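First comes the structure, then the notes that go with it.
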Amino acid sequence: PHFQNVIDSKDIERVFCVKPMFDNPRIIRQSGAFFLYGINGDKSKPASLNFSYKVYIINKAQKQKIRKQLEALGIDKSTLFPEVEHVAEHIKDKYHLPK
Numbered sequence: 001p002h003f004q005n006v007i008d009s010k011d012i013e014r015v016f017c018v019k020p021m022f023d024n025p026r027i028i029r030q031s032g033a034f035f036l037y038g039i040n041g042d043k044s045k046p047a048s049l050n051f052s053y054k055v056y057i058i059n060k061a062q063k064q065k066i067r068k069q070l071e072a073l074g075i076d077k078s079t080l081f082p083e084v085e086h087v088a089e090h091i092k093d094k095y096h097l098p099k
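Going by our numbering, the first residue of the sequence shown is number 1, and it counts up by one from there.
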């Protein structure tokens, strides 16, 4: 319904997955998408998505190993959250500095 001159009354109660314009550093780095919830509708119904996706359950024991692999690819807290406080926290964690 966005960028159209017509609003369908059913759309006001639905949940949509919205891919925004990539004009914000955090959204750019995260390839962000959002859910837009309608009014007066049942929020427990899943959103209508126009694509399929897979769910991966990661074993807690593998979490640190996966983080190290992602960091080797340049993906870490400072790249996902480019604000200065997150970059500073990443540096502290990486070099084991006191918080």
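Ideal Cβ placement from N, Cα and C applies to all residues, glycine included. Quantities reported herein were computed from a predicted structural model and do not represent experimental measurements.
Secondary structure, beta strand (DSSP E): runs of 3+ residues fully inside the segment 21-86:
34-37
Thinking C-alpha only, which one of 89, 37, 38, 21 is nearest residue 30?
21
Spell out the partners DSSP gives residue 6 in its beta bridges.
None; residue 6 has no bridge partner.
Hey, residue 38 and residue 16: beta-carbon distance below 9 Å or not?
yes
Close-in-space but distant-in-sequence residues of the same chain around residue 97 (CB under 8 Å, 5 per side omitted):
91
Please classify residue 78: is it buried, with 16 or more other beta-carbons within 10 angstroms of its beta-carbon, or exposed?
buried
Measuring straight from C-alpha to C-alpha, what distance separates residue 26 and residue 81?
6 Å
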